[in-house]
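Each residue of the sequence shown is one higher than the one before, counting from 6 in my numbering.
What follows is one structure encoded as structure tokens, with my remarks underneath.
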Amino acid sequence: MQELPVIAAEPAAPRVKKPDWLRVKLPIGENYRQVRNLVDTHKLHTICESGNCPNMGECWGAGTATFMILGNVCTRSCGFCAVATGRPEPVDWDEPQRVAEAIYLMKVKHAVITSVDRDELKDGGSIIWANTIKAVRALNPDTTMETLIPDFRGIWENLERVIEAAPEVVSHNLETVERMTKQVRIQAKYHRSLEVIRRLKEGGMRTKSGIMLGLGETKEEVVQAMQDLADNGCDVITLGQYLQPTPKHLPVIRFVHPDEFAELREIGYNMGLDYVEAGPLVRSSYHAEKHIFSGRK
Numbered sequence: 006m007q008e009l010p011v012i013a014a015e016p017a018a019p020r021v022k023k024p025d026w027l028r029v030k031l032p033i034g035e036n037y038r039q040v041r042n043l044v045d046t047h048k049l050h051t052i053c054e055s056g057n058c059p060n061m062g063e064c065w066g067a068g069t070a071t072f073m074i075l076g077n078v079c080t081r082s083c084g085f086c087a088v089a090t091g092r093p094e095p096v097d098w099d100e101p102q103r104v105a106e107a108i109y110l111m112k113v114k115h116a117v118i119t120s121v122d123r124d125e126l127k128d129g130g131s132i133i134w135a136n137t138i139k140a141v142r143a144l145n146p147d148t149t150m151e152t153l154i155p156d157f158r159g160i161w162e163n164l165e166r167v168i169e170a171a172p173e174v175v176s177h178n179l180e181t182v183e184r185m186t187k188q189v190r191i192q193a194k195y196h197r198s199l200e201v202i203r204r205l206k207e208g209g210m211r212t213k214s215g216i217m218l219g220l221g222e223t224k225e226e227v228v229q230a231m232q233d234l235a236d237n238g239c240d241v242i243t244l245g246q247y248l249q250p251t252p253k254h255l256p257v258i259r260f261v262h263p264d265e266f267a268e269l270r271e272i273g274y275n276m277g278l279d280y281v282e283a284g285p286l287v288r289s290s291y292h293a294e295k296h297i298f299s300g301r302k
């Protein structure tokens with residue numbers, strides 16, 4: 006797409022200033038350095054880095070990380086995501102073992118694994134997904150797992166491979182409300198994502214999904230999306246503030262106050278959700294080790 010020139014007389018609107026509650030500490034500390042060294046040594050991709058996660062300092066400082074398998078180039082071009090879009094490298098069949106070994110060396114008690122979308126593959130990457138879960142479990146029998154999976158383009162035999170491998174939690178993010186799905190998740194479908202959650206639940210999985218706030222949605226739309234997830238068998242929901250990764254991505258329309266997140270948390274519990282993680286800095290994998298258990302009071 007050709008970019009139009011900026012007219013001097015019509016300066017671009019200033020970006021919305023981040024409020025104080027979104028300030029985070031820079032990554033420091035010996036544990037953080039050890040994790041970075043392991044990730045670099047084992048040639049692993051983490052969504053912490055590729056997704057510019059604001060919690061990287063906190064999580065890596067505690068010796069944890071969210072691993073991203075199937076490369077670091079995605080076949081989709083979502084308007085919110087900092088992961089590169091393009092033609093991915095060929096599948097690395099040794100990757101599952103490397104991820105399992107890194108988790109072992111890092112002594113991770115609860116591992117979160119996610120991936121880019123690999124729509125060019127017939128299996129959507131599901132064979133690598135299943136192999137990774139099995140490899141992690143074989144080498145780390147005491148480690149619990151959450152897998153944050155794509156929708157596999159609605160090819161359900163691919164989803165079944167993940168269900169058969171049976172990680173403790175399977176997550177698939179709705180990301181935004183129905184009205185904004187086409188704008189935010191260009192190649193995704195709102196109701197297909199809901200069907201992913203439903204099929205996972207029918208397969209006996211503990212299910213999880215996430216929604217970003219601040220993209221222009223209304224509170225009523227957020228509550229409806231939460232209800233849609235609950236109606237389709239979602240156990241855990243994460244609600245967090247969208248942060249624009251680069252000027253080329255969708256802008257932040259507003260910063261949602263922590264009190265609004267607290268209100269949505271209570272609404273979620275009242276509609277029967279088992280765990281609601283809500284706050285400005287919440288991301289899919291934030292406090293993921295707690296999501297195995299109920300958060301209800």
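The beta carbon of each residue, even a glycine, is placed where N, CA and C say it ideally should be.
None of the values given here were measured: they were computed from a predicted structure.
{"Asked": "Use the C-beta contact count for P146: other C-beta atoms within 10 angstroms, 16 or more gives buried, fewer gives exposed.", "Found": "exposed"}
{"Asked": "Scan the stretch 155-189 and note each continuous beta strand (DSSP E) run of 3 residues or more that stays entirely inside, going in chain order.", "Found": "174-176"}
{"Asked": "Return the residue from the list M111, F157 and T149 that minimises the CA-CA distance to I133.", "Found": "F157"}
{"Asked": "Would you give the residue range spanned by the beta strand (DSSP E) that M231 belongs to?", "Found": "Per DSSP, M231 belongs to no beta strand (DSSP E); it is in the alpha helix (DSSP H), K224 to D236."}
{"Asked": "To which residues does DSSP link C79 through a beta bridge?", "Found": "T90"}
{"Asked": "For P16, collect the residues of the same chain with a Cβ closer than 7 angstroms to its Cβ; drop the 5 residues on either side in sequence, then sort them by chain order.", "Found": "For P16, the pLDDT reaches just 44, beneath the cut-off of 50, and the residue's location in the model is therefore unreliable, although a value from the coordinates is still provided. Counting only Cβ-Cβ distances below 7 angstroms, and skipping sequence neighbours, we find nothing."}
{"Asked": "Measuring CB atoms only, is the stretch 185-194 touching the stretch 168-176, in the sense that at least three cross pairs come out at less than 8 angstroms?", "Found": "no"}
{"Asked": "DSSP has L218 in a bridge; who is on the other side?", "Found": "Q246"}
{"Asked": "So what does DSSP say about A193, is it helix, strand or coil?", "Found": "coil"}
{"Asked": "Runs of 4 residues minimum, wholly inside the stretch 245-275: which ones carry the alpha helix (DSSP H) assignment?", "Found": "263-275"}
{"Asked": "Can we say the stretch 253-264 touches the stretch 198-217, given the rule of at least three CB pairs closer than 8 angstroms?", "Found": "no"}
{"Asked": "Going straight from the alpha carbon of E8 to that of T149, what length do you get?", "Found": "Only weak support exists for where E8 lies, its pLDDT of 44 falling under 50; the value from the coordinates is given anyway. So the two alpha carbons sit approximately 47 angstroms from each other."}
{"Asked": "If you reduce the DSSP assignment to three classes, tell me which class F298 lands in.", "Found": "coil"}
{"Asked": "Could you give the residue range of the alpha helix (DSSP H) that holds S131?", "Found": "S131 to L144"}
{"Asked": "Report, in whole angstroms, the separation of the C-beta atoms of R81 and D124, which I expect to be a contact under 8 angstroms.", "Found": "7 angstroms"}
{"Asked": "Give the DSSP-derived three-state secondary structure of R211 in the structure shown.", "Found": "strand"}
{"Asked": "For K112, tell me which candidate among G277, N237, P250 and V141 has the shortest Cα-Cα distance.", "Found": "V141"}
{"Asked": "Strictly by DSSP, which residues pair up with L153?", "Found": "T119 and S176"}
{"Asked": "Please classify I160: is it buried, with 16 or more other beta-carbons within 10 angstroms of its beta-carbon, or exposed?", "Found": "exposed"}
{"Asked": "Taking 8 angstroms as the threshold, find out whether the stretch 276-296 comes into contact with the stretch 238-248 through three or more Cβ pairs.", "Found": "yes"}
{"Asked": "With DSSP as the reference, label Y280 as helix, strand or coil.", "Found": "strand"}
{"Asked": "If I follow the unbroken alpha helix (DSSP H) through R288, where does it start and stop?", "Found": "Careful: R288 lies outside any alpha helix (DSSP H) and carries neither H nor E."}
{"Asked": "My guess is that V121 and V182 are in contact by the Cβ rule of under 8 angstroms, so how many angstroms apart are they, rounded?", "Found": "Incorrect: roughly 24 angstroms between the Cβ atoms, too far for contact."}
{"Asked": "Is it right to say K299 is buried, meaning 16 or more other beta carbons lie within 10 angstroms of its own, or is it exposed?", "Found": "According to the sequence displayed, residue 299 carries Ser and not Lys. Burial call: exposed."}
{"Asked": "Under a Cβ-count criterion, where at least 16 other Cβ atoms within 10 Å of its own Cβ denotes burial, should Y109 be classed as buried or exposed?", "Found": "exposed"}
{"Asked": "Roughly how many angstroms separate the alpha carbons of L86 and R103, rounded to a whole number?", "Found": "It should be noted that the sequence gives Cys, not Leu, for residue 86. Approximately 25 angstroms, taken between the alpha carbons."}
{"Asked": "Leaving out five residues before and five after T90 in sequence, what residues of the same chain have Cβ atoms less than 6 angstroms from its Cβ?", "Found": "C79 and S82"}
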